[in-house]
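Okay, structure first, notes after.
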Amino acid sequence: MPGAGRHRRRIRFGLPVAAAGVAAAVAAALMTTSAGAATALPTPTVKPVIAQPSLATLKKRIVGAQAGDDIAGETTKKASLSASTTGTTADPKIIGGTTTTINTAPFMAQLWYYDDKGTTSESDDIGFFCGGSVISPSKILTASHCVKGYNWAKNGVVVTSATVLPTNTTDADGTTTTDLHGGQATAVLRQWNHPSYSATTIDNDIAVLTLAAPVKATPIRMTTNGDTASYTGTPAKTAKVYGWGRTSSQTDDLSDTLKTATLPIQSDATCVGAYGSLVIKAHMVCAGTPATGSDTGTTAICNGDSGGPLVVGGRIVGVVSWSGDDGDASTVNDCVVEGTYGVFTKVGAYAGTAYAQVDDGNLSYTDNKADIYARKSSTKVGYELDSKGTSLAARVSLGDWGGVNLVRSADLNRDGYQDWIYRTTAGAVYWDHFQLNSARDDGSWVSTKIFANWKTRTRIIAPGDVTGDYLPDLVSVDSAGVLWIYPGKGNGTFSSPSRVGGGWSQYNTLVGHGDFNGDGKADLLARNKSTGVVYLYKGAGKSGTGAFAARVKVRTWGSYNAFDAVGDFTGDGKADLLIRNASNALYLYPGTGKATSEIFGTPKSLGTGFQQYDIFG
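Mind the numbering: the sequence shown is residues -37 to -1, 1 to 580 in mature numbering (1 follows the signal peptide of the UniProt record, and there is no 0), read in order.
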């Protein structure tokens, strides 16, 4: 992407060097009034407040990153790219294209990283830049090589809603002022990269950052697992790529202004023809026209674009991962190696694992594992049981949860902090969400009544996004056995319910949180009360009668007496299930992403004595 940016940055940021009706009656029940029950409502005693850096600190990180000359995830691997290019390295790195504004791509994010290693010497400093995409108000989709091995909570900052990169001015007294050009700087709360990411092959190059506070930027959706049309290359599909990366193979300068380019999607055969075994067809896609060997006539991704989006039809289908490099520093190379293309992580292959991070069920706020709520029957004290992957941490008291008969956790407002949904014994349903103060260093729980007269509802589930709009929904079964979906608006309120169908009273268990079959859509698990047979209802990403596919028998579990679906308990990107058996031991059934009898792997005991709890959520 050619640009008239000021030559003030000597940076090689980004890509690694590597291979790389109920109708009226029910609608009237939707309420958003403040809580005012006759009996005291539960008030969680744990505040999800993480010490957050000041804006001044975040700006210092940006300044440090701008002065850096590091490459995110730097690795090296020799490989043959084509018959005419041998002994090469693949260098994940927009040359060509046009200037655009944040209004055309409001989801674009700047990822700045700076670590001074706690020393006064600059020789060990690490500073780099990557791109990213806002996929929910608190989630950024990017590349694993921009995330793995780095402490983003301690050293990173994400800037959204800005067309231009930050600029700095220094006063006569040495004071540096950083202008974000209308952008919003936000700290990172936690990070996740695909657990099978390889820095050598650049396989599974996808990651998600959770922000310490939601941003105002408009999110973009990821494509779905079933999307094959975007990747066929025949007939040719074109995609848009966005970024602030290098505008020339002759300089390390980033573009001051957001750039975009239109790239044709290439077939797997074309991609493999250019890169050979470096390309993993199931996980990677090529886009662009063959580079010419120089800036002239080339339109390609380059350093600094790493982690940014490849967009088709308004959805992200790829993440900038790597491109060709002939390895000869004395010639024009890097992003313009003749005959090569940009390589992108194929987002459709990772829709399920990435979705698990958007709706992650994390009560502890600091890792990427879904945790358990359990209430002790004798004292009515609620406890948080945090996941350690395949075991549980010591329980944490959440205070008195008497007067309720159902509890669910879900992030209804997509702010990155888990909310509580509970039903009182009188039948009212409340939503407790944590509201940060303006300084974002403290806050309080706010209770809102969202439904009234739900005493006869036999099931209430918070499975995540059922309707396919990236907003969390609720599902319930009424006394007649009819299943209803309440489409969430992303702020704790709901649209009018849609009727899925009847016959759900045949099940004595109905649970769901997340995606059990790996297609990026929320599912349900139901157990027949007569036979003990467990069925998977695969989500279709729709409302009404087509919301779930025909049920699939996956297990028979007649003797188990409690089920809890919390999401991704192990942190591998797959939804898991927790079951209490007749001996009152709690077992983890890790998800496999398969919609068959192999839906869960070998169970792992989480301990005994779980008969003491009467509510799981």
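From the three backbone atoms N, C-alpha and C, an ideal C-beta is built for every residue, glycine too.
Asked                                                                                                        : Found
Sequence-distant residues of its chain with Cβ nearer than 6 angstroms to D88 (five each side left out)      : D79
CA nearest to the CA of L569, picked from L540, L104, A485, P69                                              : L540
Run of the beta strand (DSSP E) containing R371, from where it starts to where it stops                      : 367 to 373
Residues that DSSP places opposite W364 in a beta bridge                                                     : Partner(s): none; W364 has no beta bridge.
Through-space distance from G271 to L128, alpha-carbon basis                                                 : 15 angstroms
F526 in three-state terms, based on DSSP                                                                     : strand
Contiguous beta strand (DSSP E) assignments of at least 3 residues, all confined to the stretch 501 to 556   : 515 to 519, 525 to 530, 539 to 543, 549 to 552
Three-state secondary structure assigned by DSSP to G311                                                     : helix
Limits of the unbroken alpha helix (DSSP H) element including Q29                                            : 18 to 29
For K102 and E85, the rounded distance between their alpha carbons                                           : 31 angstroms
Burial state of T149 (16 or more Cβ within 10 Å)                                                             : buried
Identity of the residues DSSP links to T62 by a beta bridge                                                  : K222
Cβ-based burial, E347 [other Cβ within 10 Å; buried from 16]                                                 : buried
Cross-strand partners of P227 (DSSP beta bridge)                                                             : T201
For Q15, the three-state DSSP class (helix, strand or coil)                                                  : coil
Distance CB(N156)-CB(V110) smaller than 8 angstroms                                                          : yes
Straight-line gap, H144 to Q73 (C-alpha atoms, nearest Å)                                                    : 13 angstroms
Host alpha helix (DSSP H) of K412 (start-end)                                                                : Where K412 is concerned, there is no enclosing alpha helix (DSSP H), although the beta strand (DSSP E) it sits in stretches over 406 to 414.
Where the beta strand (DSSP E) through N156 begins and ends                                                  : 151 to 156
Simplified DSSP state of H108, which is helix, strand or coil                                                : helix
Cβ neighbours of L434 in the same chain (closer than 8 angstroms, five flanking residues each side left out) : R377, D428, P450, G451, K452, G453
Burial state of S107 (16 or more Cβ within 10 Å)                                                             : buried
Beta-carbon gap between K516 and A558 smaller than 8 angstroms                                               : no
Residue range of the alpha helix (DSSP H) that includes N454                                                 : No alpha helix (DSSP H) holds N454; DSSP gives it neither H nor E.
Separation of I165 from A245, as counted between CA atoms                                                    : 13 angstroms
CA nearest to the CA of G315, picked from G352, N118, T220, G483                                             : G483
Paired residues, beta bridge with D395 - DSSP                                                                : W383, S410
CA nearest to the CA of I65, picked from L4, A116, T220, T342                                                : T220
T195 burial status per 10 Å Cβ neighbour count (16 or more: buried)                                          : exposed
Secondary structure of A245, DSSP reduced to three states                                                    : coil
Meets three-Cβ-pair contact criterion under 8 angstroms: the stretch 315 to 334 and the stretch 167 to 178   : yes
8 angstroms Cβ cutoff met for A337 and V529                                                                  : no
Limits of the alpha helix (DSSP H) - the one that W115 falls within                                          : 115 to 118
Residue range of the unbroken beta strand (DSSP E) whose run includes A170                                   : 170 to 174
Proximal residues to V370 (C-beta, below 6 angstroms), its chain only, five neighbours per side dropped      : Y336, Y385, I578, G580
In DSSP terms, what R422 is bridged to                                                                       : V440
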